[in-house]
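S.K.: Quick one: the structure is below, and I'll ask about it shortly.
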Amino acid sequence: MPDHQANLNVELQELIAAMEQRRSKIEAGGGPARQQKQRDAGRLTARERLERLLDPGSFLEFGTFVEHDGTRLMTGVEAPGEGVVTGSGTIHGRQVYVFSQDFTVLGGSLGKRNAQKVVKIMDLAAKVGCPIIGLNDSAGARIQEGVDALSGYGEIFYRNAIYSGSVPQLSAILGPCAGGAVYSPALTDFILMSRGSSYMFITGPEVIKSVTREEVSFDALGGADVHTRKSGVAHLEFEGDEATLEGLRALLAYLPQNARERPPVRPTQDPPGRQNTELLEVVTPDQRRPYAMHRVIESVVDDGVFFEIQPDWARNILCGFAHLGGQVVGIVANNPRVMAGTLNIDASDKAARFIRTCDCYNIPILTLVDVTGFLPGVAQEHAGIIRHGAKMLYAYAEATVPKITLITRKSYGGAYLAMNSQDMGADVVYAWPTAAVAVMGAEGAANIVYRREIAGSDQPEQTRAEKIREYRETFDNPYVAASKGYIDDVIPIEETRARLIATFAMLERKQEQRPYKKHGNIPL
Ligand SMILES: CC(=O)SCCNC(=O)CCNC(=O)[C@H](O)C(C)(C)COP(=O)(O)OP(=O)(O)OC[C@H]1O[C@@H](n2cnc3c(N)ncnc32)[C@H](O)[C@@H]1OP(=O)(O)O
Numbered sequence: 002m003p004d005h006q007a008n009l010n011v012e013l014q015e016l017i018a019a020m021e022q023r024r025s026k027i028e029a030g031g032g033p034a035r036q037q038k039q040r041d042a043g044r045l046t047a048r049e050r051l052e053r054l055l056d057p058g059s060f061l062e063f064g065t066f067v068e069h070d071g072t073r074l075m076t077g078v079e080a081p082g083e084g085v086v087t088g089s090g091t092i093h094g095r096q097v098y099v100f101s102q103d104f105t106v107l108g109g110s111l112g113k114r115n116a117q118k119v120v121k122i123m124d125l126a127a128k129v130g131c132p133i134i135g136l137n138d139s140a141g142a143r144i145q146e147g148v149d150a151l152s153g154y155g156e157i158f159y160r161n162a163i164y165s166g167s168v169p170q171l172s173a174i175l176g177p178c179a180g181g182a183v184y185s186p187a188l189t190d191f192i193l194m195s196r197g198s199s200y201m202f203i204t205g206p207e208v209i210k211s212v213t214r215e216e217v218s219f220d221a222l223g224g225a226d227v228h229t230r231k232s233g234v235a236h237l238e239f240e241g242d243e244a245t246l247e248g249l250r251a252l253l254a255y256l257p258q259n260a261r262e263r264p265p266v267r268p269t270q271d272p273p274g275r276q277n278t279e280l281l282e283v284v285t286p287d288q289r290r291p292y293a294m295h296r297v298i299e300s301v302v303d304d305g306v307f308f309e310i311q312p313d314w315a316r317n318i319l320c321g322f323a324h325l326g327g328q329v330v331g332i333v334a335n336n337p338r339v340m341a342g343t344l345n346i347d348a349s350d351k352a353a354r355f356i357r358t359c360d361c362y363n364i365p366i367l368t369l370v371d372v373t374g375f376l377p378g379v380a381q382e383h384a385g386i387i388r389h390g391a392k393m394l395y396a397y398a399e400a401t402v403p404k405i406t407l408i409t410r411k412s413y414g415g416a417y418l419a420m421n422s423q424d425m426g427a428d429v430v431y432a433w434p435t436a437a438v439a440v441m442g443a444e445g446a447a448n449i450v451y452r453r454e455i456a457g458s459d460q461p462e463q464t465r466a467e468k469i470r471e472y473r474e475t476f477d478n479p480y481v482a483a484s485k486g487y488i489d490d491v492i493p494i495e496e497t498r499a500r501l502i503a504t505f506a507m508l509e510r511k512q513e514q515r516p517y518k519k520h521g522n523i524p525l
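Under my numbering, the first residue of the sequence shown carries the number 2, and numbering increases by one thereafter.
Following this line, the structure appears as structure tokens:
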């Protein structure tokens, strides 16, 4: 080999070695001590999380060598990888774009160039039409960068909003998520939290103490339990990082790549014509006896698998995904076991949001109805149940995906409409023989309609009982509504699965156009 060629080879080897050296320094993040601290806190590092989340060997990293601009307070500060690892990979073979904040580098704090890395993958995901997944573990805005850090958040929030409904956006909270940092996850479709090691709040315990004198721990203020049970900010909680990342993989299987596609079909051995005979043991005609709506859902859907969303918040309504004949459906169901399944403010918010999520991502909606009405009470009225309940009406009417409603038992009053009656846009309404459709329950109705007769009677209690029976015989059944075409068919309970699969198949090519508008104005 000529000398000059040998020299070139040496030079090339040196360049490659220098690149590798730079890369391995970046890959080491904040160094072994900080990584150990992270593990001691029961958390994985940013790169370990990506390894667990993505299919093995699928990660393609971008922005590896990005650095902060070193001005003002950042002079001389080392931030390998700029505190975030970004790129693309696959989950169950489907492409996703992902960022993973590295708490070992300046607490994963967000500066301008850090945000630039995140923005790059968000823009690519939107152009290609793929989900964006954020693994959040950050101390918030990078204090040293001042307004540049705030601008970085702004760039991300802006994209969270404009890509909303275009590609699915999923957030896992795996560590601190404080101050402005909470609003990027809050603008995404789903938030998953790791119990005991993650928290979200606008102002932390110290600030709260100084302003309101309240003393509260990080966990009690904004831990996973708080946000999945009280505030409704988060959708799901899991034990630790690994389970949370597994949760993201599981959730993604119910979502399409983007708003132009449908979720993937999941082949099943569960026969479409399987009879639901066990339901005859679950549901009784006694309108006052609660039953497990979960069992109804699990009996009907493929392989009994119901992926519930927000299972611990507003438990009077159930929302979640399942498959019917291999196709993903979103299910909204009253839960007669909690608050008699009445609709309140939180239930309305939960259901409306879920309905809109299904509609964005071409997921047909099945609504199971057993509801006596909206929850009565001064507190609910004063807190704006009208405004919140209206969201459900709006969301159902707005949704253009196939919509089937099945009335299992009671369907009364305004809640009959809020649970997607035919007039509110349901494509097909079914009822079980146990169903009862009326303006209100028989007792209340008899007391109002026959008040004078009852008051004027020699035997008021007997008259009241007679009137209640009379009202029941007239309205406590599905046939008055069916005779007017409000119910398309009254079906045998055990044939529910077969009917639903056949009806969703019938609706598969549904197209619905709406009048021109810039966007609707949902009550908020
Ligand atoms: C718009 C907004 O986002 S406003 C919110 C701004 N952010 C905040 O107010 C949070 C400030 N940070 C904190 O309160 C704490 O760091 C917590 C609670 C998040 C985490 O606490 P700990 O787990 O004890 O971590 P610790 O405080 O040691 O921080 C880890 C490292 O990140 C650094 N760091 C923490 N927060 C920031 C920040 N916002 N900007 C820059 N660096 C930060 C720390 O200096 C520390 O650096 P080091 O490893 O070189 O020592």
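Beta carbons: idealized from backbone N, C-alpha and C, even for Gly. All values reported here derive from a predicted model rather than from experimental measurement.
What's the C-alpha gap between D103 and G30?
M.R.: Using only the alpha carbons, I get a separation of about 7 Å.
S.K.: Please tell me whether A497 and N335 are closer than 7 Å, where the distance is taken between their beta carbons.
M.R.: Checking the displayed sequence, the identity of residue 497 turns out to be Thr instead of Ala. Not a contact, by the Cβ cut-off of 7 Å.
S.K.: Would you mind listing the alpha helix (DSSP H) stretches within the region 173-226 that are 4+ residues and don't spill past its ends, in chain order?
M.R.: Qualifying alpha helix (DSSP H) stretches, in chain order: 184-187, 206-213 and 219-223.
S.K.: Are the beta-carbon atoms belonging to G200 and G224 less than 7 Å from one another?
M.R.: Position check: residue 200 holds Tyr in this sequence, whereas Gly was assumed. Yes; because the gap between Cβ atoms is below 7 Å, this pair is in contact.
S.K.: I'd like to know whether the C-beta atoms of I133 and G82 end up nearer to each other than 7 Å.
M.R.: Not closer than 7 Å, so no.
S.K.: State buried or exposed for T534, treating a residue as buried only when at least 16 other CB atoms are found within 10 Å of its CB.
M.R.: Since the displayed the chain opens at 2 and closes at 525, residue 534 lies outside it and no answer follows.
S.K.: Should S110 be counted as a contact of ligand 1 given a C-beta to heavy atom distance under 6 Å?
M.R.: Yes, the beta carbon of S110 sits closer than 6 Å to at least one heavy atom of ligand 1.
S.K.: Throw me the rounded Cβ distance for the V297 and L369 pair, which I believe falls under 8 Å.
M.R.: Confirmed, Cβ separation roughly 7 Å.
S.K.: Take every Cβ of the region 84-103, pair it with every Cβ of the region 55-70, and state whether three or more of those distances are shorter than 8 Å.
M.R.: Yes, the region 84-103 touches the region 55-70.
S.K.: Please report how far the alpha carbon of E399 lies from the alpha carbon of A466, in whole angstroms.
M.R.: Cα-Cα distance, rounded: 42 Å.
S.K.: Does the Cβ-Cβ distance between S185 and L136 come in under 7 Å?
M.R.: No, they are not a contact pair.
S.K.: Is P177 near ligand 1, going by C-beta to nearest heavy atom under 6 Å?
M.R.: Checking every heavy atom of ligand 1 against the Cβ of P177, one is found closer than 6 Å.
S.K.: Tell me whether E146 is buried or exposed, calling it buried when 16 or more other Cβ atoms sit within 10 Å of its Cβ.
M.R.: It counts as buried.
S.K.: Taking 6 Å as the cut-off, is the CB of A19 close to at least one heavy atom of ligand 1?
M.R.: No.
S.K.: When every heavy atom of ligand 1 is checked, does at least one fall within less than 6 Å of the C-beta of L107?
M.R.: Because some heavy atom of ligand 1 lies under 6 Å away, the Cβ of L107 counts as near it: yes.
S.K.: Can you give me the Cβ contacts of F476 inside the same chain, cut-off strictly under 6 Å, excluding the 5 residues immediately before and after it?
M.R.: Hits under 6 Å: A439.
S.K.: Taking 8 Å as the threshold, find out whether the region 190-206 comes into contact with the region 60-71 through three or more Cβ pairs.
M.R.: The answer is no - the region 60-71 does not touch the region 190-206, with fewer than three Cβ pairs under 8 Å.
S.K.: Give the DSSP-derived three-state secondary structure of G43 in the structure shown.
M.R.: Residue state, collapsed to three classes: coil.
S.K.: Evaluate V106 with the Cβ neighbour count: other Cβ atoms within 10 Å of its Cβ, from every protein chain shown; 16 or more gives buried, anything less gives exposed.
M.R.: V106 is buried by the Cβ-count criterion.
S.K.: Under 8 Å, with one C-beta from each stretch per pair, do the region 143-159 and the region 167-178 reach the 3-pair mark?
M.R.: Output reads no: the region 167-178 does not touch the region 143-159.
S.K.: Are the beta-carbon atoms belonging to V97 and C131 less than 7 Å from one another?
M.R.: In contact: V97 and C131 (Cβ atoms closer than 7 Å).
S.K.: Could you tell me which of N317, P272, G274 and R275 sits nearest to A293, measuring between CA atoms?
M.R.: Comparing Cα-Cα distances from A293 to each of N317, P272, G274 and R275, the minimum goes to N317.
S.K.: Rounded to whole angstroms, what is the Cα-Cα separation between H383 and H389?
M.R.: The alpha-carbon atoms of H383 and H389 are separated by roughly 11 Å.
S.K.: Need the endpoints of the alpha helix (DSSP H) that T464 sits in, please.
M.R.: From DSSP, the alpha helix (DSSP H) with T464 extends over P461 to F476.
S.K.: Which same chain residues end up closer than 7 Å to P206 when comparing Cβ atoms and leaving out the 5 residues on each side of it in sequence?
M.R.: Within the same chain, P206 has close Cβ partners V217, S218, F219 and L222.
S.K.: Considering only residues of the same chain and omitting the five flanking positions on each side of D360, which have a CB-CB separation below 6 Å?
M.R.: Cβ within range, chain order: A400 and V402.
S.K.: Can you list, in chain order, the residues of its chain whose CB lies under 6 Å from that of T245, leaving out five sequence neighbours each side?
M.R.: Around T245: A173, L193, S195 and F239.
S.K.: Does at least one heavy atom of ligand 1 sit under 6 Å from the Cβ of I203?
M.R.: No - ligand 1 has no heavy atom lying nearer than 6 Å to the Cβ of I203.
S.K.: Can you check which of these residues, T269, R48 and K118, is closest to D303 by C-alpha distance?
M.R.: Measuring from the Cα of D303, the nearest candidate turns out to be T269.
S.K.: In this structure, what does DSSP give as the bridge partners for L111?
M.R.: A142.
S.K.: Beta carbon of M84: closer than 6 Å to some heavy atom of ligand 1?
M.R.: The sequence as given places Gly at residue 84; Met does not occur at that position. G84 Cβ: outside cutoff for every heavy atom of ligand 1.
S.K.: For my contact list, G241 and K351 are in at a C-beta cut-off of 8 Å; report their separation, rounded to the angstrom.
M.R.: Actually they do not touch by this definition, with Cβ atoms about 26 Å apart.
S.K.: Is F505 closer than 7 Å to L256 when the C-beta atoms are compared?
M.R.: Cβ atoms of L256 and F505: not closer than 7 Å.
S.K.: Can you tell me which of Y159, G155, L501 and Q311 puts its alpha carbon nearest to the alpha carbon of K404?
M.R.: Checking every option, the nearest Cα to that of K404 belongs to L501.
S.K.: Look up A334 in the DSSP assignment and give the residues it is bridged to.
M.R.: Paired residues: L319 and L369.
S.K.: Mind checking whether the beta-carbon of G77 lies closer than 6 Å to any heavy atom of ligand 1?
M.R.: No, the Cβ of G77 stays beyond 6 Å of every heavy atom of ligand 1.
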